[in-house]
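Quick note: the sequence shown uses numbering that gives the first Met the number 0, first residue 0, plus one each step. Read through the structure below, which is laid out as structure tokens, and then see the notes.
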Amino acid sequence: MRDASGNFSLLHRTCSLVVLLCFLHISVTFIYYVRNSDSRQTFVQNQQTPQVHRKLTEQRVTIEETRPPSLSNGTETERKLETCPDNPPQLVGPLRVEFSDPVTLDLVREQNPALQPGGRFKPKDCIAQQKVAMIIPFRNRDEHLKFWLYYMHPILQRQQLDYGVYVIIQDGDRAFNRAKLLNIGYAEALKEYDYQCFVFSDVDLIPMDDRNIYKCFNQPRHLSVSMDKFGFRLPYTQYFGGVSSLSKEQYLKINGFPNNYWGWGGEDDDIFNRFDRIAHTRQTMGRDGINSLSYKVVKVEKDQLFTKITVDVGKP
Ligand code: NGS
């Protein structure tokens with residue numbers, strides 16, 4: 000009898016403990032769920048935005064509220080504003096990038112009313128941390144450009160950058176010279192604004208998370224560090240192609256990019272090696288770069304979404 004009663008009491012205590020543990024578990028799960036619901040909602044909303052296009056790799060973007068134009072430099076209003084934060088509050092994180100449905104430039108213009116001629120923007124509520132020129136080397140890739148503009152403008156605005164978009168078009172049909180076009184973009188952008196940072200981007204790459212901020216850091220930064228076309232890896236450790244950012248100082252320190260890479264490949268490796276002590280380009284970089292750049296501007300086109308500069312880069 001005593002034994003039976005002892006066993007019952009033990010069973011009762013065990014059951015109580017189990018019930019208590021279950022209750023604790025449910026409470027903790029519930030609290031965790033409630034605390035995280037905000038961020039999850041943002042992600043879900045983003046995932047549910049109408050799918051637009053799919054093509055190479057990329058994301059989908061929700062368009063931000065309209066901001067009145069404000070490109071003036073050093074106005075009274077600006078002086079009262081604070082510098083934008085390190086973590087821009089409107090970022091949403093992971094983005095869906097689709098390329099299946101067509102995009103028109105008119106749609107992109109409509110969705111980005113705060114842009115100024117030349118694809119220029121600066122935040123209205125704070126002073127951007129950096130003035131960034133987006134440089135895109137280009138020829139005959141209009142479809143890609145539409146998607147780039149469609150996805151990138153909203154992202155760059157959420158990133159609170161003071162930015163402009165420069166599409167540098169190689170005139171004619173001789174071998175493409177990507178690195179020289181990048182040099183030209185640097186030179187042309189500086190003619191119109193005091194940019195401190197340069198993001199050099201292929202026209203067919205779009206980040207899949209807007210926390211990848213298109214700005215400069217204390218070292219040159221390879222921004223496209225994980226690409227779908229490489230299975231979200233890089234083809235080799237030193238790979239520097241795709242999208243990268245360099246401050247004006249960093250760019251000048253390496254004398255810009257080589258002007259003599261005609262046709263596909265190699266120029267990005269050369270750029271990487273300009274930072275590398277064992278590079279062969281160390282022997283030529285002092286005389287081949289921004290200090291030896293020569294080209295002719297053929298045409299300049301200002302649109303709400305971009306500045307297009309068509310250039311004659313010469314021949315191989
Ligand atoms: C290397 C090229 C790079 C190029 C990379 C990835 O071989 O310029 O492949 O190419 N280097 C040389 O040619 C020396 S990709 O797969 O993106 O077409 O970026």
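Virtual Cβ for every residue (Gly too), placed ideally from N, Cα, C. Note that the coordinates shown come from a computational prediction; the quantities given were computed from them, not determined experimentally.
Here the alpha carbons of LEU80 and ASP201 stand approximately 34 Å from one another. When the beta-carbon positions are compared, MET133 and VAL164 come within less than 8 Å of each other.
In this structure, the beta-carbon distance from VAL299 to ASP311 does not fall below 8 Å. In the DSSP annotation of this structure, the continuous segment of the alpha helix (DSSP H) that includes PHE271 starts and ends at 266 to 272.
Separation of the CB atoms of LYS121 and ASP172 is rounded to 37 Å, and the pair is thereby denied contact status at 8 Å. Inclusion of VAL166 and VAL198 in the CB contact set at 8 Å is not warranted, their separation being larger than that value. Between the alpha carbons of GLU142 and ILE25 lies a gap of roughly 51 Å. When distances are taken from the beta-carbon of GLY230 to the heavy atoms of the ligand NGS, even the shortest one reaches 7 Å or more. Listed by position along the chain, the residues with Cβ atoms less than 5 Å from a non-hydrogen atom of the ligand NGS are GLY240, GLY264, GLY265, ASP267, ASP268. The closest CA to that of ILE154, considering only GLY92, ASP124, SER225, is found on GLY92.
Following the DSSP letters along the chain, one finds GLU191 inside the alpha helix (DSSP H) bounded by residues 177 to 191. The beta carbons of GLY288 and GLY255 sit about 4 Å from each other, so the pair counts as a contact at 8 Å. DSSP places VAL312 in the coil class of the three-state scheme, outside both helix and strand.
The distance from the Cβ of PRO257 to that of THR280 is about 7 Å, consistent with a contact at the 8 Å cut-off. Boundaries of the beta strand (DSSP E) around ILE134: 130 to 137.
Rounded to the nearest angstrom, the gap between the Cα atoms of LEU94 and SER15 is 46 Å. Under DSSP, the beta-bridge partners assigned to THR306 are TYR165, LYS301.
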